[in-house]
Amino acid sequence: MEIARVDVGEITLNTALAGSGPPIVLLHGWPHTWRLWGGVIEILAESRRVIAPDLRGTGGSTRAATGYDLQTVADDIDRLLDVLDVSDALVAGIDVGAPIAWMFAERHPARARRLAVMEAVLPNAPGAEEFFADGPPWWFGFHAVDGLAEAIVTGREDHYLGWFLDGGTVTALAPGLREEFVAAYSGYDSLRCGFEYYRRNALNSSQIQSAVADARRVPVPTLAIAGGVVGHVLGVQLQPITQNLRTVDMTHCGHLIPVDDPCGLAVALAEFADPESADPQQYS
Numbered sequence: 001m002e003i004a005r006v007d008v009g010e011i012t013l014n015t016a017l018a019g020s021g022p023p024i025v026l027l028h029g030w031p032h033t034w035r036l037w038g039g040v041i042e043i044l045a046e047s048r049r050v051i052a053p054d055l056r057g058t059g060g061s062t063r064a065a066t067g068y069d070l071q072t073v074a075d076d077i078d079r080l081l082d083v084l085d086v087s088d089a090l091v092a093g094i095d096v097g098a099p100i101a102w103m104f105a106e107r108h109p110a111r112a113r114r115l116a117v118m119e120a121v122l123p124n125a126p127g128a129e130e131f132f133a134d135g136p137p138w139w140f141g142f143h144a145v146d147g148l149a150e151a152i153v154t155g156r157e158d159h160y161l162g163w164f165l166d167g168g169t170v171t172a173l174a175p176g177l178r179e180e181f182v183a184a185y186s187g188y189d190s191l192r193c194g195f196e197y198y199r200r201n202a203l204n205s206s207q208i209q210s211a212v213a214d215a216r217r218v219p220v221p222t223l224a225i226a227g228g229v230v231g232h233v234l235g236v237q238l239q240p241i242t243q244n245l246r247t248v249d250m251t252h253c254g255h256l257i258p259v260d261d262p263c264g265l266a267v268a269l270a271e272f273a274d275p276e277s278a279d280p281q282q283y284s
């Protein structure tokens, strides 16, 4: 595996690169880095070229002042593929990485050969009413207030971020991985960048509404993977706006599917990427 700092214009993206073959891009969520996908990368890299960046403002990538809306971050990924000379790829995203992956496919359908999304909700898109019946999770509002969360959490990162990390799996994070994630988001500016993804929810909702306003269906074959927290919500949301949708149930996992079942997830992604030739035994 190679770790490269890739210049995509106004920022650089710290990116894990492994393997060779048909490319697959893996987009992490909050509060994570590319390392969330470590077990999946190890498996998929046996037969595929895996590209796993730290998103704008996270991990080893540039702590940008602005640009945390879906369209801008999706275009970061488009420029990343330009630099890496990748014409098209399967793009997969989890948590905040899932709407980014969807927006990438909507804006660059010729480049997104296939799309896989999991454990997230598309902001303000129909289909999540039951999930939000009691209101959005408390941290959505807390993170959305400019300057508040980072002022309170700075110096308490282990306690605060650990609450999300410890509750995100039905197994446990590998030794050292929890500490790595906490370190990646420690400090006022690192926290700010992570919270910026929540602060763009109103703009993200507008971008999604504009994208689907003309009733276009995203033409990219799409896989919605249900985990144990958000469940099948994405599949319900995507059904009316996607031409070719498949679903996979991985609700035996917690929120962090790549941690709880990296082999099962690798099989699901490989079979979706190339259903004619994928061999589940290869990944067992």
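Each residue of the sequence shown is one higher than the one before, counting from 1 in the UniProt record's numbering.
C-beta atoms are modelled at their ideal positions from N, C-alpha and C, and glycine is treated no differently.
Quick caveat: nothing in here was measured; it's all calculated off a predicted structure.
Which listed residue (the options) has its alpha carbon closest to that of residue i
{"i": "Gly112", "options": "Leu55, Pro123, Asn204 and Ile100", "result": "Before going further, note that residue 112 is Ala rather than Gly in the sequence given. For the residues Leu55, Pro123, Asn204 and Ile100, the minimum Cα distance to Ala112 belongs to Ile100."}
{"i": "Val267", "options": "Ala110, Gly9, Val6 and Glu42", "result": "Glu42"}
{"i": "Leu122", "options": "Ala202, Asp260, Gly162 and Asp261", "result": "Ala202"}
{"i": "Leu245", "options": "Arg107, Ile51, Ser87 and Val117", "result": "Val117"}
{"i": "Leu165", "options": "Thr33, Val6 and Gly19", "result": "Thr33"}
{"i": "Ser87", "options": "Ala125, Val259, Pro23 and Pro31", "result": "Pro23"}
{"i": "Ile11", "options": "Met1, Pro31, Leu44 and Thr72", "result": "Thr72"}
{"i": "Ala151", "options": "Arg192, Ala128 and Leu115", "result": "Arg192"}
{"i": "Ala89", "options": "Leu55, Val50, Trp163 and Ala125", "result": "Val50"}
{"i": "Gly162", "options": "Arg114, Trp30 and Gly9", "result": "Trp30"}
{"i": "Ala65", "options": "Gln239, Phe195 and Leu223", "result": "Phe195"}
{"i": "Val248", "options": "Thr242, Thr222 and Asp260", "result": "Thr222"}
{"i": "Ala226", "options": "Glu129, Leu256, Ala213 and Tyr198", "result": "Leu256"}
{"i": "Gly57", "options": "Gly155, Pro175, Ser190 and Pro240", "result": "Ser190"}
{"i": "Thr171", "options": "Glu129, Asp261 and Met1", "result": "Asp261"}
{"i": "Gly19", "options": "His28, Ser47 and Phe104", "result": "Ser47"}
{"i": "Thr251", "options": "Val145, Glu119 and Ala125", "result": "Glu119"}
Which of helix, strand or coil DSSP assigns to residue i
{"i": "Leu269", "result": "helix"}
{"i": "Arg5", "result": "strand"}
{"i": "Ala144", "result": "helix"}
{"i": "Gly93", "result": "strand"}
{"i": "Ser284", "result": "At Ser284, the pLDDT of 38 sits below 50, so the modelled position is not reliable; the number obtained from the coordinates is stated separately. Ser284: coil per DSSP, three-state reduction."}
{"i": "Arg178", "result": "helix"}
{"i": "Ile11", "result": "coil"}
{"i": "Ala149", "result": "helix"}
{"i": "Leu223", "result": "strand"}
{"i": "Arg200", "result": "coil"}
{"i": "Arg246", "result": "strand"}
{"i": "Val218", "result": "strand"}
{"i": "residue 347", "result": "Outside the shown range of the chain, which is 1 to 284, sits residue 347, and nothing can be said about it."}
{"i": "Ala18", "result": "strand"}
{"i": "Cys253", "result": "coil"}
{"i": "Asp261", "result": "coil"}
Own chain residues within Cβ distance below 7 angstroms of residue i, not counting five before or after
{"i": "Arg35", "result": "Leu177 and Glu180"}
{"i": "Asp69", "result": "Arg200, Leu203, Asn204 and Gln207"}
{"i": "Gly59", "result": "Asn14, Thr33, Trp34 and Ala184"}
{"i": "Glu106", "result": "Ala211 and Val218"}
{"i": "Ala4", "result": "Thr15 and Leu17"}
{"i": "Gly127", "result": "Val233, Val236 and Gln237"}
{"i": "Gly9", "result": "Arg79"}
Spatial neighbours of residue i in its chain, beta-carbon cut-off 8 angstroms, leaving aside the 5 residues before and after
{"i": "Asp7", "result": "Val83"}
{"i": "Ala110", "result": "Asp88"}
{"i": "residue 286", "result": "Outside the displayed range of the chain (1 to 284) lies residue 286, so it cannot be described from this structure."}
Spatial neighbours of residue i in its chain, beta-carbon cut-off 6 angstroms, leaving aside the 5 residues before and after
{"i": "Leu26", "result": "Trp37, Ala52 and Ala92"}
{"i": "Thr62", "result": "Ile11 and Thr12"}
Contact with chain D by residue i, beta-carbon distance below 8 angstroms
{"i": "Val233", "result": "In the structure shown, chain D cannot be found, because there is only a single protein chain."}
contact_flag[the segment 120 to 133, the segment 178 to 196] where n(CB pairs < 8 angstroms) is 3 or more: no
Three or more C-beta pairs below 8 angstroms linking the segment 222 to 240 and the segment 202 to 211: no
Segments of 4+ residues assigned as alpha helix (DSSP H) that fall wholly inside the UniProt domain "AB hydrolase-1" (22 to 141): 38 to 44, 70 to 83 and 97 to 107
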